[in-house]
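The structure under discussion appears below in the form of structure tokens.
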Amino acid sequence: MARKILAGVDDLKQVKALEMRVDTREISLGNFGVHLPNLRELKLNNSLLASVRDLGTSLFHLQVLWMARCGLSDLDGISSCSSLKELYIAYNNISDLSQLTWLDHLEVLDLEGNNIEDINQLQFLRLCCKLSHLTVEGNLICLKPTADSEEDPDYNYRAEVKKLIPHLKYLDRIPASQTALLPSKKMHEDSLIIKESIKEGGLAKDISWLGMTGFLLGFIFHFFIYDV
Numbered sequence: 000m001a002r003k004i005l006a007g008v009d010d011l012k013q014v015k016a017l018e019m020r021v022d023t024r025e026i027s028l029g030n031f032g033v034h035l036p037n038l039r040e041l042k043l044n045n046s047l048l049a050s051v052r053d054l055g056t057s058l059f060h061l062q063v064l065w066m067a068r069c070g071l072s073d074l075d076g077i078s079s080c081s082s083l084k085e086l087y088i089a090y091n092n093i094s095d096l097s098q099l100t101w102l103d104h105l106e107v108l109d110l111e112g113n114n115i116e117d118i119n120q121l122q123f124l125r126l127c128c129k130l131s132h133l134t135v136e137g138n139l140i141c142l143k144p145t146a147d148s149e150e151d152p153d154y155n156y157r158a159e160v161k162k163l164i165p166h167l168k169y170l171d172r173i174p175a176s177q178t179a180l181l182p183s184k185k186m187h188e189d190s191l192i193i194k195e196s197i198k199e200g201g202l203a204k205d206i207s208w209l210g211m212t213g214f215l216l217g218f219i220f221h222f223f224i225y226d227v
């Protein structure tokens with residue numbers, strides 16, 4: 000019964016897509032991917048994840064992963080999801096992109112509203128040879144190349160990103176070749192303010208939600224992981 004509540008099916012091997020919200024500070028997911036060998040899409044938006052490592056090491060068949068507004072500060076452990084084609088991690092606190100070099104199949108990456116403060120971090124994405132769609136709006140690099148840089152009215156983040164990732168096709172939902180199409184500085188400043196509001200508001204709301212349902216999720220996961 001617990002399996003059916005969680006996944007909507009009796010046989011977990013049939014599950015190809017799963018959406019849930021969890022707090023891994025309270026509930027261990029264990030190596031839950033072992034029980035979902037055909038899982039291709041996993042949506043964890045608005046969860047509270049201490050680390051990507053909390054997802055275990057058995058999601059190597061996963062192709063699409065959503066972890067927006069999950070409180071993530073790094074991507075350690077993402078290499079376990081080696082088949083990822085799409086990764087949506089908007090509105091977290093990520094600044095280091097080095098772990099993404101392990102994702103050889105990555106095509107779509109959403110980094111909107113994170114803490115990327117050094118344009119050179121995008122050099123790591125050059126190694127993602129299949130990457131075609133990238134979103135970075137709402138990061139400081141849209142205003143200046145590094146956190147310590149003086150503001151330069153001639154700075155064009157789109158041109159810089161294109162140099163670093165020449166095979167990119169779309170940047171912030173606009174063809175990457177359109178490097179001259181630069182949004183105003185005011186727009187990017189407003190985007191940074193909105194980013195913080197979304198992070199703070201989203202986490203406060205989700206902590207409340209997780210508090211009300213934590214017991215039920217814990218009960219379900221107990222059976223999901225151990226009742227094999």
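Numbering (numbering that gives the first Met the number 0), first residue to last: 0 to 227. From the three backbone atoms N, C-alpha and C, an ideal C-beta is built for every residue, glycine too.
* For my contact list, K12 and R39 are in at a C-beta cut-off of 8 Å; report their separation, rounded to the angstrom. => Taking the first residue of the sequence shown as 1, we reach residue 12 at position 13. Taking the first residue of the sequence shown as 1, we reach residue 39 at position 40. Not a contact, Cβ separation roughly 13 Å.
* The alpha helix (DSSP H) spanning V107 covers which residue range? -> Position 108 of the sequence shown, counting from 1, holds the residue named residue 107. Here V107 belongs to no alpha helix (DSSP H); instead the beta strand (DSSP E) covers 107-109.
* Pull up the distance between the alpha-carbon of N142 and that of L96, whole angstroms please. => Translated into the one-based positions of the sequence shown, residue 142 becomes position 143. Translated into the one-based positions of the sequence shown, residue 96 becomes position 97. Rather than Asn, the amino acid found at residue 142 in this sequence is Leu. Distance between the alpha carbons of L142 and L96 is about 19 Å.
* Asked: Mapping DSSP to helix, strand and coil, what is L11?
  -> Taking the sequence shown and counting its residues from 1, the one referred to as residue 11 is at position 12. In the structure shown, L11 sits in a helix (DSSP, three-state: H, G or I).
* How many angstroms separate the CA atom of R24 from the CA atom of I164? -> Here residue 24 corresponds to residue number 25 of the sequence shown, with the count starting at 1. Here residue 164 corresponds to residue number 165 of the sequence shown, with the count starting at 1. Cα to Cα, R24 sits roughly 36 Å from I164.
* Tell me where the beta strand (DSSP E) around V63 begins and ends. => For the purposes of this step, residue 63 is taken as residue 64 along the sequence shown, with counting starting at 1. Residues 63-65.
* When burial is assigned at 16 or more other CB atoms within 10 Å of the CB, is C128 buried or exposed? -> Residue numbering aside, residue 128 sits at position 129 when the sequence shown is read from its first letter. Burial call: exposed.
* **With 16 other Cβ atoms within 10 Å as the buried cut-off, status of A89** => Position 90 of the sequence shown, counted from the start, is the residue given in the question as residue 89. Answer is buried; the Cβ neighbour count reaches 16.
* Could you check what DSSP says for A158 in three-state terms: helix, strand or coil? => Here residue 158 refers to the residue found at position 159 when the sequence shown is read from its first residue. Note: A158 maps to helix in three-state DSSP.
* Asked: In the DSSP assignment, what are the bridge partners of E145?
  -> Sequence index remark: in the sequence shown, residue 145 carries index 146 (1-based). Note that residue 145 is Thr in the sequence shown here, rather than Glu. In DSSP, T145 forms a bridge with D117.
* Would E159 pass as a contact of G137 if the rule is Cβ separation under 7 Å? -> The residue you call residue 159 lines up with position 160 of the sequence shown. The residue you call residue 137 lines up with position 138 of the sequence shown. No, they are not a contact pair.
* Asked: Three-state secondary structure (DSSP) at D171?
  -> Position 172 of the sequence shown, counted from the first residue, corresponds to residue 171. The answer is coil: DSSP assigns D171 none of H, G, I, E or B.
* To do: Consider the C-beta atom of L83 and the heavy atoms of the ligand GDP; say whether any pair is separated by less than 6 Å.
  => Summarising the ligand content, the structure contains no ligands, and the ligand GDP is consequently not present.
* Asked: Under the DSSP definition of a beta bridge, which residues are partnered with A89?
  -> As a first step, residue 89 is located in the sequence shown; it is residue number 90 there, counting from the start. Per DSSP, none; premise fails for A89.
* To do: Assign Q120 to one of two classes, buried (16 or more other C-beta atoms within 10 Å of its C-beta) or exposed (fewer than that).
  => Taking the first residue of the sequence shown as position 1, residue 120 is located at position 121. Burial call: buried.
* With C-beta atoms as the reference, is V21 less than 7 Å away from S57? -> The sequence position of residue 21 within the sequence shown is 22, counting from 1. The sequence position of residue 57 within the sequence shown is 58, counting from 1. The answer is no: Cβ separation not under 7 Å.
* Minimum C-alpha distance to L61 - residue among R172, S27, C80 -> Along the sequence shown, read from residue 1 onward, the residue named residue 61 stands at position 62. When only C-alpha atoms are compared, the closest one is C80.
* Looking at the structure shown, is H132 part of a helix, part of a strand, or coil, going by DSSP? -> Residue numbering aside, residue 132 sits at position 133 when the sequence shown is read from its first letter. Here H132 sits in strand by DSSP.
* Please check the pair L48 and G70, which I expect to be a contact at CB under 8 Å, by giving their CB distance rounded to whole angstroms. => Translated into the one-based positions of the sequence shown, residue 48 becomes position 49. Translated into the one-based positions of the sequence shown, residue 70 becomes position 71. Yes, L48 and G70 are in contact; Cβ-Cβ is about 6 Å, under 8 Å.
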